[in-house]
Structure formats: C-alpha cells, structure tokens
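Residue numbers (the working numbering), protein chains in the order written: chain L, 1 to 142; chain C, 1001 to 1206.
Yeah, the Cβ is synthetic: ideal placement off N, Cα and C, and Gly gets one too.
One structure is given here, and the rest of the page talks about it.
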Amino acid sequence: MSFKFRIHIIYGLLGTVMGITLSAIGFADYNEVFKMFSLQDGRMLFAFALAVAIAAIFFTMVHFTTNIKLEKKVFHQGTIPGSIIFGYGWALCGACPSIVFIQLGQGKLVAFITLFGIFLGVRSYNYIHARFFSWDTGTCGI
Amino acid sequence: MNEYLTWWVGGIALGVFTILFRLLTSRTLGVSGSWKKMLAWREERLQDKTATTMASNQGDVASALMAETLAEFGADVLPQVEANVPATHKHQKIAEAKNIPWTAHMVFLLSMVLGGFLWAMFTGHFSIQTELSSIYNQWTGGGLTGGLLLLMGGFMVGLGTQMAGGCSSGHGLSGCSNLAPTSFAATATYFMTAVIVSVIIKVMIL
Chain L
1 MSFKFRIHII YGLLGTVMGI TLSAIGFADY NEVFKMFSLQ DGRMLFAFAL AVAIAAIFFT
61 MVHFTTNIKL EKKVFHQGTI PGSIIFGYGW ALCGACPSIV FIQLGQGKLV AFITLFGIFL
121 GVRSYNYIHA RFFSWDTGTC GI
Chain C
1001 MNEYLTWWVG GIALGVFTIL FRLLTSRTLG VSGSWKKMLA WREERLQDKT ATTMASNQGD
1061 VASALMAETL AEFGADVLPQ VEANVPATHK HQKIAEAKNI PWTAHMVFLL SMVLGGFLWA
1121 MFTGHFSIQT ELSSIYNQWT GGGLTGGLLL LMGGFMVGLG TQMAGGCSSG HGLSGCSNLA
1181 PTSFAATATY FMTAVIVSVI IKVMIL
C-alpha cells in the first residue's frame, strides 16, 4: 500500500471514530453544550479535562522515554483575540469545526448553515491574514 | 439524562482517541488545521509541483544556489562554508514533500459525518431535523433569527480558530495534553468567553 492510500484510510477511520466518540459524549447536542457553558452541568467539561489529563500523562511519559517529543505551539498576536472570537461563536452556534460535521451526520440539517459560516470564516481569515498580518499561525501543528 | 456517556467513560474514550491519532499519524490532532489545509488545496498543488520539480533537478538547483552564493559573497567564503558544514549535511538531496495531502484532511472531516450517523443510527437518535435543539429555539426563537445566528456563530468559529491557530481539538486536546502554555492560554480564553456569553444568554433571555 502506498503512503498516500494508507493515509487516506487512516484519516477516514480516525474521523469516523472521532465522530462516534464526540457524539456519544454529547458534544453534538446543542442542549448539552449550552448546559456545559452556562455551568448547569459539568459532565462534558469533566470528560474533556479527563481526556486532556490522560493524553498529557501519556505524552509526557513518551517525551521522557523515547525520542518523540512534546509538541510546541506558537504564541502570537492572534492567539488570544482569535480564542475570544472562537469562544463567542461556539456559544452561539454550539459547534466547533468538527462538531458541525457530526451534527450533519445525526440528521440536523441546519448545521449546513453553520458549515457555510465556518467555510466563510476560514476563507476570509486566510485572505485577511495574507493581506494584513505577518504573524505566524502554526495552526493545529501540521 | 443517561443517553450520553458518564463523564469518566467519555473522558477515557476521548483521551485514548487523542493518543491513537498521534500514534497512527505521527501528527497531533487538530481539526481547524484540517479545515485550513482543505481550503488551501490550490497552494498545496503549487507547492507539490515546485517540490517535485526541484527534487528531479538536483544538479540544477545546486548550480543555481552556488551561482547566487558566488554573486552575493564571492569565492572567498567557500572554504569557510566547507569547514563549518557538518559531515551529515553534505551531499544531502532535496527530498520530495511527504505531507498529508489535502484530500486526506477532507476524508477526515467528511468521515465525521459518517461517525455521527453511525452513532445516531445505533442509538436511535437519527432523525432528519430542521431545528438545532429546544434550548436554541427557546433563546433565538428559531426561524430566520436562528439561522442568521448560526451563520454568524459559524463565521466566528471559522475566523477565530484560524486566527488563534487551533480549536477545541488543536489547542484543547492536543495542545494542552502536550503541556503547551499557548494552548492553556487559548483554551482558558475560549472556554471563559463561551461561559460568559452563555451565562448572559441564560440570565437575560431564558
């Protein structure tokens, strides 16, 4: 199997597993997301924190025992303002960039509007960034 | 209330998934990065073409670099460069790019639709709905206002994640579990913003 073929299969499987996992936790349900953000229900917040803790223990152990090191993320002028805009948007539409696809899979057709919004947002940011900003956004470490 | 996983079961599942992603792809999980790559397919095609051309013309590239070096610094620097370059870097070839192609990112994003569908089918949650949820309709009134707010929220999510360099997966899951200070700052910021907005909605409108 060529590298190209294999990587498509792997990404497809991982996306499917991610869709099932996030669905099962409830991240694709606006009611659950709203209850988390309005501090009525800590269930998903605890799940998220536990996931980070488990992965952190693993990555730290790997960091000290093998040559796979911890990833570094670039801090730049856009990190905080971008996060504020993202948090505001997430509270409004209840979807982050992966959740919108999962909502579609569950049959929520209005997620097409959110999807179009995200598409416009990514597109216009790339334009704005190339035109006005010179900082380096190493987005999601790819 | 019991239709979703208990917090610790969900946490373990998501944590294991984050680790699995890293092990299988040698890359950290990041969905907004996949969005970026998917929408930048033209740039990627151009880069691949350039890389392939350069890799198949090693001699030409080396000559061109040498000519530029001579024009800029003169022949005097050559012994100095020769002395300072580590042995492992000599005779290194220009490699062809071996990035994750944008189509794989697209497959990743689209397969989440399948994931959501499979879960909904097996748990009996699947139904074609034109409304997001009861609470959403309660505070937006649904209809046109609800739609416009979704469009605006989506736009802010797209713009914000690209500007911040990560989303709930890139900064939240990957960044924080890699103990990156930037990601802790970003995650705290977007969570707090979302909490403030949601609490305001709850107090003022609901």
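Reduced DSSP category for glutamine 40/L - H, G, I as helix; E, B as strand; rest coil | coil
Rounded to whole angstroms, what's the CA-CA distance from valine 1061/C to histidine 1091/C? Just pull it up for me.
-> 13 Å
Might you give, ordered along the chain, the residues of its own chain that have their beta carbon closer than 6 Å to the beta carbon of phenylalanine 46/L, omitting 5 neighbours on each side?
-> none
Does threonine 16/L have its Cβ less than 8 Å from a Cβ in chain C?
-> yes
DSSP beta-bridge partners for lysine 108/L?
-> Gln1129/C
Can the beta-carbon of alanine 55/L be found less than 8 Å from the beta-carbon of threonine 1018/C?
-> yes
Along chain L, in chain order, which residues have C-beta atoms closer than 7 Å to that of histidine 1255/C?
-> Outside the modelled stretch of chain C, which goes from 1001 to 1206, sits residue 1255/C, for which no answer is possible.
By a C-beta neighbour count over all protein chains shown, 10 Å radius and 16 as the cutoff for buried, is arginine 6/L buried or exposed?
-> exposed
So, helix, strand or coil for lysine 69/L, using DSSP?
-> coil
Excluding the five sequence neighbours on either side, which residues of its own chain have a C-beta within less than 8 Å of the C-beta of leucine 1173/C, listed in chain order?
-> Annotation for leucine 1173/C: Leu1014, Thr1018, Leu1029 place their beta carbon closer than 8 Å to its own, counting only its chain and skipping 5 residues before and after.
List the residues of chain C whose Cβ lies closer than 7 Å to the Cβ of phenylalanine 58/L, in chain order.
-> Ile1019
CB glycine 15/L to CB serine 1111/C, shorter than 8 Å?
-> Closer than 8 Å, so yes.
Output the boundary residues of the alpha helix (DSSP H) element that contains aspartate 1060/C.
-> Counted as a single uninterrupted DSSP element, the alpha helix (DSSP H) harbouring aspartate 1060/C occupies residues 1058-1073.
Shorter than 8 Å from the beta carbon of asparagine 67/L to some beta carbon of chain A?
-> No chain A is part of this structure, whose protein chains are labelled L and C.
Contact between the segment 1097-1107 of chain C and the segment 1037-1052 of chain C: three or more CB pairs below 8 Å?
-> yes
C-beta neighbour in chain L for alanine 1164/C, strict 8 Å | yes
List the residues of chain C whose Cβ lies closer than 7 Å to the Cβ of arginine 43/L, in chain order.
-> Trp1007
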